[in-house]
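For the sequence shown, position 117 matches number 119 in the working numbering, and the numbering has no gaps at all.
Single-structure report; data block below.
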Amino acid sequence: MNQIPKAVFSRQGPPILANATTATAQAAPQAGAEGWTQAYVASGDLAEEIARLKAQEGKPIVAHGGVSFARSLVAGGLVDRFALLVVPVALGQGLPLFSELAAPARLELVSSRAFPGGAVAQTYRAA
């Protein structure tokens with residue numbers, strides 16, 4: 003992952019990279035960490051930024067982020083596949099991922115894998 007191009011989505015714009023540069027300078031060096039300081043900062047319209055990234059050559063886009071970022075991607079119809087990990091722990095609270103959908107979205111199971119500890123990894127795509 004450290005060798006692939008990176009995009010950072012931030013409402014702060016390019017100044018967000020100053021945080022990465024500072025953190026990289028203060029932390030023990032790790033191979034590839036400097037790649038984050040050259041990341042593309044996407045601060046425009048989310049749908050337009052995703053479309054621009056999808057139009058580029060390369061492998062599929064993998065997005066990691068908090069629930070607010072994920073909700074924005076889901077609400078905008080910008081997710082092609084969902085990789086979900088269900089862990090057998092009942093918290094009694096949490097932040098729902100699909101709360102901003104305007105209408106129910108049908109999903110098709112692509113794969114499912116159970117792990118010895120009870121966790122289940124599931125991949126879905128739009129039906």
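Glycine included, C-beta positions come from ideal geometry on N, C-alpha and C.
Pick out whichever of G68, V76, A9 has its Cα sitting closest to the Cα of P41.
Per the sequence presented here, residue 41 reads as Ala, with Pro not at that position. Answer by Cα proximity: A9.
Assuming contact is defined by CB atoms lying nearer than 8 Å, are L87 and A121 in contact in what I supplied?
Going by C-beta atoms, L87 is nearer than 8 Å to A121.
Can you tell me the Cα-Cα spacing of Y126 and V112, whole angstroms?
Each residue's Cα considered, the two are about 5 Å apart.
Using DSSP bridges, identify the partner residues of E110.
DSSP output for E110 lists R127 as bridge partner(s).
The alpha helix (DSSP H) that contains L75, what's its start and end?
Element bounds for L75: 69-77.
Using the Cα positions of A105 and G78, report the straight-line distance between them to the nearest angstrom.
C-alpha separation (whole angstroms): 12 Å.
On the CB-based measure, 16 or more other CB atoms within 10 Å of its CB, does V91 come out buried or exposed?
Its Cβ having fewer than 16 others within 10 Å, V91 is exposed.
Is A85 near A107, with beta carbons less than 8 Å apart?
No. Outside cutoff.
How big is the Cα-Cα spacing for I52 and S101?
For I52 and S101, the distance between alpha carbons rounds to 21 Å.
Please report the distance separating the alpha-carbon of F11 from that of G119.
Going by the C-alpha atoms only, they are around 34 Å apart.
Output needed for R115: all residues of its chain with C-beta closer than 6 Å, excluding positions within five of it in sequence on either side, in chain order.
So the list reads A123, once near-sequence residues are dropped.
Name the DSSP beta bridge partners of R83, please?
DSSP lists R127 as partners of R83.
Based on the DSSP secondary-structure assignment, which residues constitute the bridge partners of R115?
DSSP, once it has assigned bridges, lists A123 as partnering R115.
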